[in-house]
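*Asks:* In the UniProt record's numbering, the protein residues as written are 1 to 351.
Yeah, the Cβ is synthetic: ideal placement off N, Cα and C, and Gly gets one too.
1. Where does residue 113 fall in DSSP's three states?
2. Can the beta-carbon of residue 295 be found less than 8 Å from the beta-carbon of residue 153?
3. By Cβ distance, which residues of its chain are closer than 8 Å to residue 75, with the 5 residues on each side in sequence left out?
4. Is residue 150 helix, strand or coil when you go by DSSP?
5. Which term fits residue 315, buried or exposed, when burial requires 16 or more other beta carbons within 10 angstroms of its beta carbon?
6. Kindly give me the distance between the Cβ atoms of residue 273 and residue 256, rounded to whole angstroms, as I take these residues to be in contact under 8 Å.
7. The alpha helix (DSSP H) spanning residue 47 covers which residue range?
8. Restricting to Cα atoms, I'd like to know which of 283, 161 and 137 is closest to residue 176.
9. Closest by CA to residue 94, which one among 340, 178, 144 and 324?
10. So, is residue 45 buried or exposed, given that buried needs 16 or more other C-beta atoms within 10 angstroms?
11. Can you check whether the CB of residue 335 is closer than 8 Å to the CB of residue 92?
12. Compute the Euclidean distance between the alpha carbons of residue 277 and residue 146, then round it to the nearest angstrom.
13. Can you list, in chain order, the stretches of the alpha helix (DSSP H) that have 4 or more residues and sit fully within the region 290–321?
14. Which residue comes first and which comes last in the alpha helix (DSSP H) that contains residue 236?
15. Quick check on DSSP: helix, strand or coil for residue 270?
16. Taking the alpha-carbon positions, what's the residue 184 to residue 282 distance?
17. Measure the C-alpha to C-alpha separation of residue 229 and residue 64 and round it to an integer number of angstroms.
18. Give the range of the alpha helix (DSSP H) segment to which residue 161 is assigned.
19. Cβ atoms of residue 258 and residue 322: under 8 Å apart, would you say?
20. Would you mind working out which of 227, 306 and 156 sits nearest residue 125, comparing C-alpha positions?
21. Alpha carbon to alpha carbon, how far is residue 284 from residue 120?
22. Under 7 Å from any heavy atom of the ligand NAD, does the C-beta of residue 301 make it?
23. Taking all protein chains shown into account, decide if residue 320 is buried (16 or more other Cβ within 10 angstroms of its Cβ) or exposed.
24. Check this for me: beta carbons of residue 69 and residue 240, under 8 Å apart or not?
25. Between the beta-carbon of residue 173 and the beta-carbon of residue 140, is there less than 8 Å?
26. Would you kindly check if the distance between the Cβ of residue 79 and the Cβ of residue 50 is under 8 Å?
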């Protein structure tokens, strides 16, 4: 009972902290822009639906493509997951990653829905780790292409921004290596599990520690088989990588469509695309939900190099609102709907 209360309390604290960060960020953007809420509403009314609609569709693509990548991995391991299920797994990941101070904070929530759908824990771990690796590779490869094609855009940023972007790249590369080692090196996974059981023993949770130790060798063997199965499917790996590239690009081009909706100069789109890719890379430099503060700072600094200040602030508010805040809202609704369906299914089985 105490553990449940403690977990719920931590979730509430994370939610409150995230909400405060969001409010501070929104307030800072409005104050720095000199734009009143009325002016923003007026500006949005003047925006073209021809840009807003594809921007919203692109935002949904961020959830959809991750879900499809997870579906492809799981089906390769012999678990026929539907696209609707994949969408729920992804929405859970997106929502809980956004309200927890970690890049992979949504993984346990995604795993919860997978396990409830009857997928073994070892297969779930394999799928999530592999997708994290591909997600990281997708950002790194897009960023490398950006650096090679648009090096001057990087130099347009201030020194502080450049430090954040480089730090984001280094941290992302480090995480990618760590995820790959966890996937390939079962001994490392075993060491981590033994470390957890040792901690549980010190906390006098001997029964739980003993249960984990008894299942450890069998679970690691099953995990090894799952890893061998997914790494042996080269075509599947390419599909998952491409789906992750599409996921990242679908979020990035929300900014381009938002700019088009504001009747911006279309000749600036290539430079705006390059700027947004650097923003995504830099947002990984701190473990803050959604990179709040850092992402907004990089967006504004980058946009101000390409357009007038008031236009840059309007674009940041519209683009960020769609790609992050509305995306979180859609993910939350999806998670709630998925949980309700899950509860109804359980009730039917109990009858």
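*Replies:* Taking the structure as given:
1. Mapped onto the chain shown, residue 113 falls at position 113. Three-state DSSP puts residue 113 in a helix.
2. Translated into the one-based positions of the chain shown, residue 295 becomes position 295. Translated into the one-based positions of the chain shown, residue 153 becomes position 153. No, they are not a contact pair.
3. Stepping through the chain shown from its first residue, residue 75 is reached at position 75. Only 81 meet the Cβ criterion.
4. Start at 1 with the first residue of the chain shown, and residue 150 comes out as number 150. In the structure shown, residue 150 sits in coil (DSSP, three-state: anything other than H, G, I, E or B).
5. Working through the chain shown from its first residue, we reach residue 315 at position 315. By the neighbour-count rule (16 or more Cβ atoms within 10 Å), residue 315 is buried.
6. Within the chain shown, residue 273 is the residue found at index 273, counting from 1. Within the chain shown, residue 256 is the residue found at index 256, counting from 1. Yes, they are in contact, since the Cβ atoms of residue 273 and residue 256 sit about 6 Å apart, within 8 Å.
7. In the chain shown, the residue the question calls residue 47 occupies position 47. Run containing residue 47: none; DSSP gives neither H nor E here.
8. The count along the chain shown starts at 1 and reaches residue 176 at position 176. Among 283, 161 and 137, the Cα nearest to that of residue 176 is on 137.
9. As a position in the chain shown, residue 94 is number 94, starting the count at 1. The shortest C-alpha separation from residue 94 is found at 324.
10. The residue labelled residue 45 in the question sits at position 45 within the chain shown. Classification of residue 45: exposed, given that the 10 Å Cβ count is below 16.
11. For the purposes of this step, residue 92 is taken as the residue at position 92 of the chain shown. For the purposes of this step, residue 335 is taken as the residue at position 335 of the chain shown. Yes, Cβ-Cβ distance for residue 92 and residue 335 is below 8 Å.
12. Numbered from its first residue, the chain shown carries residue 277 at position 277. Numbered from its first residue, the chain shown carries residue 146 at position 146. About 7 Å.
13. 294–303 and 309–320
14. Here the question's residue 236 lines up with position 236 in the chain shown. From DSSP, the alpha helix (DSSP H) with residue 236 extends over 234–261.
15. Taking the chain shown and counting its residues from 1, the one referred to as residue 270 is at position 270. Three-state result, residue 270: helix.
16. Looking up residue 184 in the chain shown gives position 184. Looking up residue 282 in the chain shown gives position 282. If I take the Cα positions, the gap works out to 28 Å.
17. Counted from its first residue, the chain shown places residue 229 at position 229. Counted from its first residue, the chain shown places residue 64 at position 64. If I take the Cα positions, the gap works out to 24 Å.
18. Along the chain shown, one-based indexing puts residue 161 at 161. 159–184 is the span of the alpha helix (DSSP H), which, as asked, contains residue 161.
19. Here residue 322 corresponds to residue number 322 of the chain shown, with the count starting at 1. Here residue 258 corresponds to residue number 258 of the chain shown, with the count starting at 1. Yes; because the gap between Cβ atoms is below 8 Å, this pair is in contact.
20. The residue labelled residue 125 in the question sits at position 125 within the chain shown. For residue 125, the nearest C-alpha among the options comes from 227.
21. Indexing the chain shown from 1 puts residue 284 at position 284. Indexing the chain shown from 1 puts residue 120 at position 120. Rounded to whole angstroms, residue 284 to residue 120 spans 31 Å at the Cα level.
22. The ligand content of the structure shown is nil, which means the ligand NAD is not present either.
23. Numbered from its first residue, the chain shown carries residue 320 at position 320. Per the 10 Å Cβ criterion, buried.
24. The residue labelled residue 69 in the question sits at position 69 within the chain shown. The residue labelled residue 240 in the question sits at position 240 within the chain shown. Yes, these two residues count as a Cβ contact at 8 Å.
25. As a first step, residue 173 must be located in the chain shown, where it is residue number 173. As a first step, residue 140 must be located in the chain shown, where it is residue number 140. In contact: residue 173 and residue 140 (Cβ atoms closer than 8 Å).
26. Start at 1 with the first residue of the chain shown, and residue 50 comes out as number 50. Start at 1 with the first residue of the chain shown, and residue 79 comes out as number 79. Contact flag unset, no.
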